[in-house]
Amino acid sequence: MTEGSRDVGEFIRDLRRSARISLRQLAEQAGVSNPYLSQIERGLRKPSAEVLQQLATALRVSTPLMYLRAGLLDGAHSPGVLAAIAGDPDLTTAQKQSLTQIYETFKRENQRHAPSPEEPS
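Residues in the sequence shown are numbered consecutively from 1, following UniProt numbering.
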């Protein structure tokens, strides 16, 4: 069992409990088996990127946030803001989801309105 597997498993379990859904319900919503999800939560199995995406959708968190917690993204490719939101114990799951969505929306808007390299600044 690796530290990363245990960390993402604990994160998934915490999100599931905060959302007040059973292991069986989450497994069904994410399209994975109940035993497999149990093994992920206990850090015995490392989920694929596809399974992480399905779990993120079912738990209503951003996929990049789930990838960050699973170690698929490092700090260079993922902003520290998402890590700070995810790791803040004072925020509820709903607040974390809202803040993540707002942050990602701002980033997309800034990228859309950024001048292209050919345009003078």
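All C-beta atoms in this analysis are idealised placements derived from N, C-alpha and C, irrespective of residue type, glycine included.
Since residue i and residue j should fall inside the 8 Å C-beta cutoff, what is the C-beta to C-beta distance between them, to a whole number of angstroms?
i, j, result
"residue 61", "residue 15", "6 Å"
"residue 45", "residue 53", "Actually they are not in contact, since the Cβ atoms of residue 45 and residue 53 sit about 16 Å apart, beyond 8 Å."
"residue 58", "residue 29", "4 Å"
From the options, pick the residue whose C-alpha is nearest to that of residue i; which is it?
i, options, result
"residue 123", "70, 112, 50 and 106", "Nothing can be reported for residue 123, as the shown portion of the chain is limited to 1 through 121."
"residue 63", "116, 12 and 115", "12"
"residue 72", "21, 48 and 20", "48"
"residue 101", "82, 111 and 110", "82"
In chain order, each alpha helix (DSSP H) run of at least 4 residues that lies wholly inside the stretch 74 to 109: 80 to 87
Whole alpha helix (DSSP H) elements within the UniProt domain "HTH cro/C1-type" (12 to 66), 4-residue minimum: 23 to 30, 34 to 41 and 49 to 59
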